[in-house]
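Visitor:
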Amino acid sequence: MKSKAGSRENIELGVYKLQAAIQSAYGKPEDVNTEARFFIISIQMVSEAARFQYILNKVLEGGIYGSYEPDYKAISLENSWKKISDAIQTADPSGKFRSNITLKDAENKQCVVTQVSDIENDMGLLKFLETSAGQASQFSQLLQMAYF
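In our numbering, the protein residues as written are 2 to 149.
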């Protein structure tokens, strides 16, 4: 899709941008570039915003007509979703990760995430982690500690 629509780093997101992407693709003659752009905007606006509170907040800050170009932190979170999800779900009861995760901040500086509390405010949905022999993941316990 990147070759047809351009890099997701350079595609603006926002409610109005999503509406415009839908209108440019729906019921129109087939155009691979337009459709690819529509899919990138849709995926970013729905899936990535559901996975990451950070991205959702950035999109919402713009209101209906504002837009947001994904920053380094957003792209880093998206690229590391599985790694982050696994680390959260396998963290020890205190929330410490078994191994650190290196991400980028909004200014493209490296930041090391060592525990759930370092990243919990940026997260939305997690990738499901299968556990062996029916064991419950530590994540459910961590959520209870953090939110209840």
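The beta-carbon is built from N, C-alpha and C at its ideal position, and this holds for glycine as well.
Can you check DSSP and say which residues form a bridge with residue 103?
Guide: In the sequence shown, residue 103 corresponds to position 102, counting from 1. Note: residue 103 sits in a beta bridge opposite 113.
Visitor: What does DSSP give as the partner residues of residue 39 in its beta bridges?
Guide: Taking the first residue of the sequence shown as position 1, residue 39 is located at position 38. According to DSSP, which records beta bridges pairwise, residue 39 is partnered with nothing at all.
Visitor: So what's residue 59 in DSSP terms, helix, strand or just coil?
Guide: As a first step, residue 59 must be located in the sequence shown, where it is residue number 58. Three-state DSSP puts residue 59 in a helix.
Visitor: By the 10 Å Cβ neighbour count, where 16 or more other Cβ atoms means buried, how is residue 47 classified, buried or exposed?
Guide: Counted from its first residue, the sequence shown places residue 47 at position 46. Classification of residue 47: exposed, given that the 10 Å Cβ count is below 16.
Visitor: Between 63, 27, 58, 37, which lies nearest to residue 122 when the distance is taken from Cα to Cα?
Guide: By one-based count along the sequence shown, residue 122 stands at place 121. Nearest option by C-alpha distance: 58.
Visitor: Below 7 Å CB to CB, which residues in the same chain sit around residue 18 once its five sequence neighbours on both sides are set aside?
Guide: By one-based count along the sequence shown, residue 18 stands at place 17. So the list reads 42, 68, once near-sequence residues are dropped.
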